[in-house]
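A.B. asks: Mapping of the first sequence onto my numbering: residues 802 to 1340, in sequence order. Below is the structure I would like to discuss, written out as structure tokens.
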Amino acid sequence: MLVTRFAPSPTGYLHVGSARTALFDWLLARRHGGRMILRIEDTDLKRNTPTATQQVISDLRWLGLEWDEGPDVGGPNGPYLQSQRLDIYRQYAQKLLESDRAYYCFDTSEELQANRNEAAAKKQTFAYRAPKNLPDEKDVQKARAEGRPVTIRMAVPQDKPIIVHDVVRGEVTFDPAEISDFIIVKSDGFPTYHFACVVDDELMEVTHIIRGQEHLMNTPGHQVLQDALGFRRPTYAHMSVTVSEGGGKLSKRERAKTLREAIKKNPAINITDVAQAGNISPDEMKSFLAGDSTPDSPAVTAMAALLGIPLPEINVVDFFRSGYLPEAMMNFVALLGWNPGDNREIMTREELIEAFDLNRLTKTNSLFDRQKLPVFNTEHLKMVDPDTLRRHFKAYLQEVASPLTQADDKTLAYMLKICEGARTLKQIEEKCLFAFVDEVTYDPQAVKKVLQKDGVSAILTEIKTTLENLVEWTEAAIHQAVEKMCRDKGVGMGKVAQPIRVAITGTTISPPIGDSLILLGKDHTLKRITKTLEYMQTL
RNA sequence: GGCCCCGUCGUCUAGCCAGGUCUAGGACACAGGGUUUUCAUCCCUGCAACACGGGUUCGAAUCCCGUCGGGGUCACCA
802 MLVTRFAPSP
812 TGYLHVGSAR
822 TALFDWLLAR
832 RHGGRMILRI
842 EDTDLKRNTP
852 TATQQVISDL
862 RWLGLEWDEG
872 PDVGGPNGPY
882 LQSQRLDIYR
892 QYAQKLLESD
902 RAYYCFDTSE
912 ELQANRNEAA
922 AKKQTFAYRA
932 PKNLPDEKDV
942 QKARAEGRPV
952 TIRMAVPQDK
962 PIIVHDVVRG
972 EVTFDPAEIS
982 DFIIVKSDGF
992 PTYHFACVVD
1002 DELMEVTHII
1012 RGQEHLMNTP
1022 GHQVLQDALG
1032 FRRPTYAHMS
1042 VTVSEGGGKL
1052 SKRERAKTLR
1062 EAIKKNPAIN
1072 ITDVAQAGNI
1082 SPDEMKSFLA
1092 GDSTPDSPAV
1102 TAMAALLGIP
1112 LPEINVVDFF
1122 RSGYLPEAMM
1132 NFVALLGWNP
1142 GDNREIMTRE
1152 ELIEAFDLNR
1162 LTKTNSLFDR
1172 QKLPVFNTEH
1182 LKMVDPDTLR
1192 RHFKAYLQEV
1202 ASPLTQADDK
1212 TLAYMLKICE
1222 GARTLKQIEE
1232 KCLFAFVDEV
1242 TYDPQAVKKV
1252 LQKDGVSAIL
1262 TEIKTTLENL
1272 VEWTEAAIHQ
1282 AVEKMCRDKG
1292 VGMGKVAQPI
1302 RVAITGTTIS
1312 PPIGDSLILL
1322 GKDHTLKRIT
1332 KTLEYMQTL
């Protein structure tokens, strides 16, 4: 049976790059009726955040992925948190030690750094090699007594080239001299990523490993480990990297950079307030603005929110908060370094599963095209069934704490219907917001373009009376009334609809006029028109 | 710098492995036009690419070599 795993380290929000890996793992497993495992690689005490695992899980779920085994759903191969598998790694480390495939080391990081510098000065590759006589238990005792760090390294056999068979790259050959004897157990007793990952992939019966190209150089080491322990060789697929407009890897630093530049560009910004919003100290703020450091994601997000600066979306939640649909995200991310081979682009999850093929992963780096994502979203907004769409809309409104959360399901559905053609849920929210605020703020542009025209006040006065006298407050009735007035006056719809629109929303943008009035309600509509007429007197 | 990977319209890509059907297809963006009560949506048209240089071959985007360019990686991070 085909088994894939997604193995993130719990450091915070799920990055789109990681989401792509997870998506491909899921797609491959579903395509072939296999299993997908979620495994948390929390072997670095320093980097783990307590809530991060939960965050990763909820981000994956939002995208619409499910897994068959994992920390939250259990399974026969658990535990699925590496920090709970320490005994297992210890046993395998012992095996390697006994067969001299691995050995103890006592170097301090300063010593290692010195060796590296030396090699760099000679323009050589630094590769750690085992000493002639491997240390024994006595040496370990002695090192411990001296307070030296004790690690375990894997001895990389130097007798033959290491060949990696990769589904997307083909055959890649490595000179073993280039591969350093790498650490498999750290001085704190925890396994390194390389070790834990290889052991777990074997024990969890993983058959297909999909990961970023950045892991290609690690693979020869992993194979050495597999050979020494008599493990199976899984199928590897190293995906191309997702790059950003700038050219580099798509990274969270981009958000911080955008924020920094925006703050610098505007000297009027009160830096103390901003730092407070991000809950960071003045010193941290200074260092951030100088480009020496980057605050964590929540801080950056909070500061940008205060200033109203739009940040490029990087994490899955960022897209959620920008009003993108999970279906659209899944579709878009799937096309990052993969395509179905025909000219299809807009695809449902079922179509993606049906079409997915590891052999069609692209070798070239893929650019995350921010202009194209809204197009995908527009299409999916039209495709998703009304109930699901309403659920997504509700979740979005809650996430961003919108005033529209007051709306009931019927109204929610109505708003979605009358905003057909919108690009994002955020756009729909903005378009309907006028009906959920107490006061209208008039957009100067709209006032000038629409309100300050001859005859507008007469039109508004007249339509107000007409609307007042409407027996039925329905879209059809309103539409009819407006139309009749246009005919009587011999003008186009725009001449009447626009003044009403500005009167009730303050802007020139809203759903179709009849629908907008329904959404607002008769009372508020009449009140707003009255208020606008008063306001026009002051112009 | 060493090692590894990659190089088709402005962008994402199809085609390459199994050379001819490629005067290189699609999508986004852009430009122009149309529909429309606003914003969108929608429809039509146009623009535009095989990094460069050598080979191999009757024939190369496709195979080989080199140059240049881009990316990845060189941790007791994953």
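Glycine residues also receive a C-beta, built at the ideal position from the N, C-alpha and C atoms.
Would you call the CB atoms of Trp-863 and Pro-1127 closer than 8 Å?
C.D. replies: The residue labelled residue 863 in the question sits at position 62 within the first sequence. The residue labelled residue 1127 in the question sits at position 326 within the first sequence. In contact: Trp-863 and Pro-1127 (Cβ atoms closer than 8 Å).
A.B. asks: Thinking just about the alpha-carbon of each residue, which of Leu-1234, Thr-1020, Ala-997 and Gln-1172 is nearest to the one in Ile-1310?
C.D. replies: Taking the first residue of the first sequence as position 1, residue 1310 is located at position 509. The option with the nearest alpha carbon to Ile-1310 is Leu-1234.
A.B. asks: Which term fits Leu-1137, buried or exposed, when burial requires 16 or more other beta carbons within 10 angstroms of its beta carbon?
C.D. replies: On the first sequence, position 336 is the one that residue 1137 refers to. Buried is the call here.
A.B. asks: Would you say Leu-1271 and Ala-1282 are within 8 Å of each other, going by their C-beta atoms?
C.D. replies: Here residue 1271 is taken as the residue at index 470 of the first sequence, counted from 1. Here residue 1282 is taken as the residue at index 481 of the first sequence, counted from 1. Cβ distance < 8 Å, so Leu-1271 and Ala-1282 count as in contact.
A.B. asks: Figure out for me which residue from Met-1130, Glu-1155 and Met-1216 has the closest Cα to the Cα of Thr-1179.
C.D. replies: As a first step, residue 1179 is located in the first sequence; it is residue number 378 there, counting from the start. Nearest C-alpha to Thr-1179: Met-1130.
A.B. asks: Note the first and the last residue of the continuous alpha helix (DSSP H) segment covering Asp-1084.
C.D. replies: Taking the first residue of the first sequence as position 1, residue 1084 is located at position 283. 1083–1090 is the span of the alpha helix (DSSP H), which, as asked, contains Asp-1084.
A.B. asks: State the DSSP-derived secondary structure class of Leu-1168, mapped to helix, strand or coil.
C.D. replies: Residue mapping note: residue 1168 aligns to position 367 of the first sequence, counting from 1. Residue state, collapsed to three classes: strand.
A.B. asks: Let me check one thing: in DSSP terms, what residues is Trp-1139 bridge-paired to?
C.D. replies: Walking along the first sequence from the start, residue 1139 turns up at place 338. Under the DSSP definition of a beta bridge, Trp-1139 partners with Leu-1162.
A.B. asks: Residue range of the beta strand (DSSP E) that Gly-818 falls in?
C.D. replies: Within the first sequence, the letter at position 17 stands for residue 818. Taken as a continuous stretch (DSSP letters only), Gly-818 belongs to no beta strand (DSSP E), being part of the alpha helix (DSSP H) at 817–832.
A.B. asks: Do the CB positions of Lys-1250 and Pro-1312 come within less than 8 Å of each other?
C.D. replies: Counting from 1 along the first sequence, the entry for residue 1250 is found at position 449. Counting from 1 along the first sequence, the entry for residue 1312 is found at position 511. With respect to the 8 Å criterion, Lys-1250 and Pro-1312 are not classified as neighbours on the basis of their beta carbons.
A.B. asks: Where does Tyr-1197 sit, in a helix, a strand or coil, going by DSSP?
C.D. replies: Looking up residue 1197 in the first sequence gives position 396. Tyr-1197 falls in the helix class under three-state DSSP.
A.B. asks: Let me know the alpha helix (DSSP H) ranges lying completely inside the segment 962–1019, each 4 residues or longer, listed in chain order.
C.D. replies: Counting whole runs of 4 or more residues, the segment 962–1019 contains the alpha helix (DSSP H) stretches 994–1004.
A.B. asks: Check for me: the alpha helix (DSSP H) holding Phe-1120 runs from which residue to which?
C.D. replies: Taking the first sequence and counting its residues from 1, the one referred to as residue 1120 is at position 319. Start and end: 1117–1122.
A.B. asks: Consult DSSP for Glu-1363 and reduce its assignment to one of helix, strand or coil.
C.D. replies: In the structure displayed, the chain extends from 802 to 1340; residue 1363 sits before or after that span and is not available.
A.B. asks: Gln-1246 to Gly-1307, Cα distance in whole Å?
C.D. replies: Locating residue 1246 in the first sequence gives position 445, counting from the first residue. Locating residue 1307 in the first sequence gives position 506, counting from the first residue. Here the alpha carbons of Gly-1307 and Gln-1246 stand approximately 10 Å from one another.
A.B. asks: Using the C-alpha atoms, what's the distance from Ser-1082 back to Tyr-994?
C.D. replies: Within the first sequence, numbered from 1, the residue matching residue 994 stands at position 193. Within the first sequence, numbered from 1, the residue matching residue 1082 stands at position 281. Rounded to whole angstroms, Tyr-994 to Ser-1082 spans 34 Å at the Cα level.
A.B. asks: With a threshold of 16 other CB atoms inside 10 Å of the CB of Gln-1299, please say whether the residue is buried or exposed.
C.D. replies: Counted from its first residue, the first sequence places residue 1299 at position 498. Buried: at least 16 other Cβ atoms inside 10 Å.
A.B. asks: Is the segment 829–845 touching the segment 1096–1108 in the sense that three or more CB pairs, one from each, lie closer than 8 Å?
C.D. replies: Pairwise C-beta distances place the segment 1096–1108 out of contact with the segment 829–845, as fewer than three of them are shorter than 8 Å.
A.B. asks: Below 8 Å on the Cβ atoms is my guess for Leu-770 versus Lys-1053; work out the distance and round it to an integer in Å.
C.D. replies: The displayed coordinates of the chain run from 802 to 1340. Any statement about residue 770 would go beyond what the structure contains.
A.B. asks: By Cβ distance below 8 Å, which residues in the same chain neighbour Val-1248 in space, the five residues on each side in sequence not counted?
C.D. replies: Here residue 1248 corresponds to residue number 447 of the first sequence, with the count starting at 1. Hits under 8 Å: Val-1303 and Leu-1340.
A.B. asks: Hey, would you say Thr-1326 sits closer than 8 Å to Leu-1318, going by beta carbons?
C.D. replies: Locating residue 1326 in the first sequence gives position 525, where the first residue counts as 1. Locating residue 1318 in the first sequence gives position 517, where the first residue counts as 1. Result yes, Cβ atoms of Thr-1326 and Leu-1318 sit closer than 8 Å.
A.B. asks: Output the residue ranges of the alpha helix (DSSP H) runs that lie fully inside the segment 875–912 and measure 4 residues or longer, sorted by chain position.
C.D. replies: 887–899
A.B. asks: Please determine, among Ile-1229, Arg-840 and Asp-1170, the residue with the shortest C-alpha to C-alpha distance to Lys-1195.
C.D. replies: As a working note, residue 1195 is residue 394 in the first sequence. For Lys-1195, the nearest C-alpha among the options comes from Ile-1229.
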